[in-house]
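These notes are about the structure you will find just below.
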Amino acid sequence: GAGVSQSPRYKVAKRGQDVALRCDPISGHVSLFWYQQALGQGPEFLTYFQNEAQLDKSGLPSDRFFAERPEGSVSTLKIQRTQQEDSAVYLCASSLEGQGTYEQYFGPGTRLTVT
Amino acid sequence: AQSVSQHNHHVILSEAASLELGCNYSYGGTVNLFWYVQYPGQHLQLLLKYFSGDPLVKGIKGFEAEFIKSKFSFNLRKPSVQWSDTAEYFCAVNPSYGNNRLAFGKGNQVVVIP
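Protein chains in written order, with the numbering used here: chain A, 1110 to 1224; chain B, 6 to 119.
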């Protein structure tokens, strides 16, 4: 079956531009996560949705970052006024349920480069 | 909040050698433990996981990991590596109850020389 898909796979933005990153989770998966992976680092948690409800956004690094999942399926991570430190791979993951015992399935990521 | 430590970020070894990657975590409660692998050009995928029960867990491709509660460790092992095991390996944890956000280590870049 189809896995988690993300688009675009690569994005180059000039500093100050706004970007929108899309995630299509596995169909039927209740939980959706966004992670940020800087070069040479492990993924770091950004935010978590259960259906359309954003239950945890404590990992968002600033108020320039905003995520939504309005219909409980596709999610968009928006970064306003991008800065060079935003350059990273943004990973989306989904899981069937919200409990920690459920495996998170990761997408291929969007590599964002801010110039 | 939980945190994860992985040491020896770059590991180079020859085929048939044994591999052991260390993972230590800090968290006051019970946790679920995971090893994820990322092969070149591919996305993160689950290698193995521990929730409860037998602390020695076996995953795909001949990998295994042992949970030692007293040492807060979950080390990954493979007795004999292959060239195809070249990848980046990440240890991750989340609390057994509540928010299941994963906390990852920095990863181990493993290169297996044919």
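Here a beta-carbon is modelled for each residue, glycine too, at the ideal position from N, C-alpha and C.
- By the criterion of a C-beta distance shorter than 6 Å, phenylalanine 1175 (chain A) is surrounded in its chain by Lys1187, once the five residues flanking it on both sides are discounted.
- Taking 8 Å as the cut-off, the beta carbon of phenylalanine 1142 (chain A) is found closer than this to the beta carbon of arginine 106 (chain B).
- For valine 116 (chain B), the pairing in a beta bridge is given by DSSP as B:Ile17.
- Restricting attention to B:Val98, B:Ala108 and B:Thr91, the CA atom closest to the CA of isoleucine 17 (chain B) is found in B:Thr91.
- Counting C-beta atoms within 10 angstroms of its own C-beta, histidine 12 (chain B) has fewer than 16 neighbours from the protein chains shown and is therefore classed as exposed.
- Shown here, lysine 74 (chain B) sits in a helix according to DSSP, grouped into three states.
- Taking C-beta atoms as the reference points, tyrosine 44 (chain B) and leucine 52 (chain B) fail to come closer than 8 Å.
- The beta carbon of glutamate 69 (chain B) is closer than 6 Å to those of Lys63 and Arg82 in its chain, skipping five residues each way along the sequence.
- Within its own chain, the residues whose Cβ lies closer than 6 Å to the Cβ of aspartate 1165 (chain A), once the five positions on either side in sequence are excluded, are Tyr1157, listed in chain order.
- Annotation: the region 1170-1211 of chain A contains the following complete segments of the beta strand (DSSP E) (minimum length 3 residues), in chain order: 1174-1177, 1184-1188 and 1197-1204.
- Shown here for glycine 34 (chain B): same chain residues with a beta carbon closer than 8 Å to its own, the five before and five after excluded, namely Pro100, Ser101 and Tyr102 in chain order.
- Residues of chain B with a Cβ closer than 7 Å to the Cβ of threonine 1210 (chain A) are, in chain order, Asn37 and Phe56.
- Only those residues of the region 1151-1170 of chain A whose C-beta falls short of 8 Å from the nearest C-beta of chain B are listed: Gly1151, Pro1152, Glu1153, Phe1154, Tyr1157, Leu1164, Asp1165 and Gly1168.
- Only buried fits threonine 1191 (chain A), as 16 or more other CB atoms lie within 10 angstroms of its CB.
- Around glycine 1218 (chain A), the beta-carbon contacts reaching into chain B at under 9 Å are His48 and Leu49.
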